[in-house]
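Just so it is clear: in the sequence shown, position 381 is 381 by UniProt numbering, and no numbers are missing. C-beta atoms are modelled at their ideal positions from N, C-alpha and C, and glycine is treated no differently. Since we're looking at a predicted model, the values are computed, not measured.
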Amino acid sequence: MSMGKQGGKTVVPKLRFPEFRNLGGWTTYSLSEISKFVTERVGTTSCTPYTVTSGVGLVSQEEKLGRTIAGNSLKNYFVLQSNDFAYNKSATKAFPQGFIVRYTGSERAAVPNSIFSCFRVDQEIIFPAFMENLFLANLHGKWLRSRLAVGARAHGSLQVSDEDLMALPVPLPSGTEPLTEQQKIADCLTSLDDVISAQRQKLEALKAHKRGLMQQLFPREGETQPRLRFPKFRDAPNWEEFTIQNLIDQNFIVGHLDGNHGELYPRSDEFVADGIPYITANDFKDGFVQFEYCKRLPMERARRFRKGVARDGDILFAHNATVGPVAKLRIEDEFVILSTTATYFRCDKNKLMNDFLLFALTGPSFVAQYTRVMSQSTRNQVPITAQRKFFISIPKLLEQQHIADCLSSLDAAIVAAFGQLTALKTHKQGLMQQLFPWAG
Numbered sequence: 001m002s003m004g005k006q007g008g009k010t011v012v013p014k015l016r017f018p019e020f021r022n023l024g025g026w027t028t029y030s031l032s033e034i035s036k037f038v039t040e041r042v043g044t045t046s047c048t049p050y051t052v053t054s055g056v057g058l059v060s061q062e063e064k065l066g067r068t069i070a071g072n073s074l075k076n077y078f079v080l081q082s083n084d085f086a087y088n089k090s091a092t093k094a095f096p097q098g099f100i101v102r103y104t105g106s107e108r109a110a111v112p113n114s115i116f117s118c119f120r121v122d123q124e125i126i127f128p129a130f131m132e133n134l135f136l137a138n139l140h141g142k143w144l145r146s147r148l149a150v151g152a153r154a155h156g157s158l159q160v161s162d163e164d165l166m167a168l169p170v171p172l173p174s175g176t177e178p179l180t181e182q183q184k185i186a187d188c189l190t191s192l193d194d195v196i197s198a199q200r201q202k203l204e205a206l207k208a209h210k211r212g213l214m215q216q217l218f219p220r221e222g223e224t225q226p227r228l229r230f231p232k233f234r235d236a237p238n239w240e241e242f243t244i245q246n247l248i249d250q251n252f253i254v255g256h257l258d259g260n261h262g263e264l265y266p267r268s269d270e271f272v273a274d275g276i277p278y279i280t281a282n283d284f285k286d287g288f289v290q291f292e293y294c295k296r297l298p299m300e301r302a303r304r305f306r307k308g309v310a311r312d313g314d315i316l317f318a319h320n321a322t323v324g325p326v327a328k329l330r331i332e333d334e335f336v337i338l339s340t341t342a343t344y345f346r347c348d349k350n351k352l353m354n355d356f357l358l359f360a361l362t363g364p365s366f367v368a369q370y371t372r373v374m375s376q377s378t379r380n381q382v383p384i385t386a387q388r389k390f391f392i393s394i395p396k397l398l399e400q401q402h403i404a405d406c407l408s409s410l411d412a413a414i415v416a417a418f419g420q421l422t423a424l425k426t427h428k429q430g431l432m433q434q435l436f437p438w439a440g
């Protein structure tokens with residue numbers, strides 16, 4: 001392919017490696033000047049069908065879906081070679097204008113022609129890993145945003161013309177060593193990706209450890225003895241089994257209500273920017289309420305509610321639409337209001353620790369019970385009447401404390417690891433804004 005007019009305007013990145021600072025600015029080229037479309041189809045040849053996972057890359061259909069879904073359409077799929085690029089015309093949260101991914105495998109791969117446009121760059125002037133990072137920084141999204149009509153879709157895919165895609169301006173280092181500078185940038189970002197990947201693995205290992213520990217520290221359904229107990233409790237009596245209703249009757253649980261507000265259900269025009277949080281099941285994440293996403297009601301309107309009025313320290317359980325997430329309510333306000341999708345549990349701290357109950361509601365026995373209830377209905381919900389029939393096993397307060405402290409410390413480690421991962425991702429985004437001249 002030809003470089004044609006040898007590029008357009010010159011741009012300068014904010015951050016550049018020292019050895020390249022005196023080599024002049026970068027030059028922009030249209031994608032059509034540095035690449036060509038891949039047009040080869042599978043036909044009767046042998047290829048492995050692939051699909052895309054946004055933010056991950058191309059994976060075989062077998063690996064992602066557990067089966068191959070290409071069927072008779074496989075013959076029309078585009079064939080990819082190593083370092084080819086595939087543009088998936090499906091909007092995601094991270095890439096609203098679609099996701100462009102580099103194929104790094106060695107086998108002949110194939111992707112659906114219906115939702116992919118594929119192209120091959122000229123590797124005499126492009127270092128593929130550098131180009132990949134341009135697309136991860138959403139170079140194409142910034143260009144295509146103004147060229148996509150609102151709601152412009154056909155059969156679920158974005159309507160992006162080949163002409164608009166190939167007109168994409170691509171900034172490339174100029175000077176005497178353009179490929180060397182591209183590789184230096186790619187190597188830098190790849191090294192950071194390796195650190196991010198290692199941190200992600202650490203986070204997943206902590207989560208897996210917690211899941212395994214939960215299976216050991218809490219009895220399974222129908223049992224009153226956990227498989228793992230702290231040494232000082234190994235000779236202690238078995239845990240006592242109660243239904244939630246038993247716990248309410250015996251004042252272990254002194255409050256158990258959902259947000260079934262009936263005629264008091266708030267209208268959409270009653271919500272305000274600043275007020276009392278109105279919490280739904282979708283606002284729970286990793287044991288916390290994400291208050292930044294909550295709707296809010298004026299104080300005078302919030303005081304009219306008689307049900308679903310939750311207070312600091314209550315344990316929240318998502319029981320409708322989204323089922324299973326739990327959170328401990330931590331607020332400075334006097335109260336919050338729960339929607340119809342959430343239930344609160346309020347405990348007598350002298351009999352049942354809130355923090356212990358928080359973890360017990362995600363233990364193997366409780367999960368098995370609400371999963372069975374959901375399997376018996378077409379509706380994804382566990383109403384409060386069903387919750388009160390569920391069994392839960394409880395040890396004495398001191399053992400509750402040990403279990404809650406153990407799992408809380410593990411949660412703190414998970415939160416810290418997640419924070420470190422987020423910081424690394426933010427650092428990479430900031431670095432790309434400095435290294436790529438358009439991204440800032």
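Reduced DSSP secondary structure (H/G/I, E/B, other) of residue i
i	result
M299	helix
residue 456	Only positions 1 to 440 of the chain appear in the structure, and residue 456 is not among them; the question remains open.
V150	At V150, the pLDDT of 49 sits below 50, so the modelled position is not reliable; the number obtained from the coordinates is stated separately. Coil.
T10	strand
Q245	helix
H155	The predicted position of H155 is uncertain, since its pLDDT is 47 and thus under 50; a value taken from the coordinates is nonetheless stated next. Residue state, collapsed to three classes: coil.
F78	strand
Q250	coil
N72	helix
K328	strand
A342	strand
S174	coil
Y57	One detail in the question is off: residue 57 reads as Gly in this sequence, not Tyr. It is a strand residue.
Y265	coil
K232	helix
R41	strand
K93	coil
F291	helix
F20	helix
Residue range of the beta strand (DSSP E) that includes residue i
i	result
S30	26 to 30
D258	253 to 258
L15	It is not in any beta strand (DSSP E) - L15 carries neither H nor E in the DSSP assignment.
F99	99 to 102
F317	315 to 320
V111	109 to 111
I115	Taken as a continuous stretch (DSSP letters only), I115 belongs to no beta strand (DSSP E), as it is neither H nor E.
Y278	276 to 279
Range of the contiguous alpha helix (DSSP H) that encloses residue i
i	result
C406	397 to 435
V373	364 to 375
T190	178 to 217
T385	384 to 387
A129	128 to 136
A360	354 to 360
E163	162 to 166
G66	It is not in any alpha helix (DSSP H) - G66 carries neither H nor E in the DSSP assignment.
G141	139 to 144
Cβ-Cβ distance between residue i and residue j below 9 Å
i	j	result
I279	V336	yes
C347	I392	no
D235	A342	no
E132	R108	no
K351	N251	yes
E241	A368	no
S117	V160	yes
T27	L172	yes
A360	A318	no
Y344	L358	no
A186	L31	no
Q245	R372	no
D274	R303	no
CB contact below 9 Å: residue i versus chain B
i	result
W438	The structure shown contains no chain B; it is built from a single protein chain.
Beta-bridge partners of residue i, as assigned by DSSP
i	result
E240	I394
S35	V121
C347	I253
A310	V336
T48	A109
F284	V289
P169	S30
Q381	N320
Original post:
Does the count of Cβ pairs from the stretch 202 to 216 and the stretch 422 to 435 closer than 8 Å reach three?
Top reply: Cβ pair count under 8 Å is below three, so no.
Original post:
Are the stretch 38 to 56 and the stretch 180 to 198 in contact at 8 Å, needing three or more beta carbon pairs?
Top reply: The stretch 38 to 56, when compared against the stretch 180 to 198, does not touch it at the 8 Å Cβ threshold.
Original post:
Would you call the stretch 307 to 314 and the stretch 286 to 299 touching, i.e. three or more CB-CB distances under 8 Å?
Top reply: Short answer: they don't touch.
Original post:
Are at least three pairs of beta-carbons, each pair with one atom in the stretch 401 to 410 and one in the stretch 380 to 388, less than 8 Å apart?
Top reply: Result no; under three Cβ-Cβ pairs closer than 8 Å.
Original post:
Does the stretch 174 to 187 come within contact of the stretch 24 to 43, defined as at least 3 CB pairs closer than 8 Å?
Top reply: Yes, they touch.
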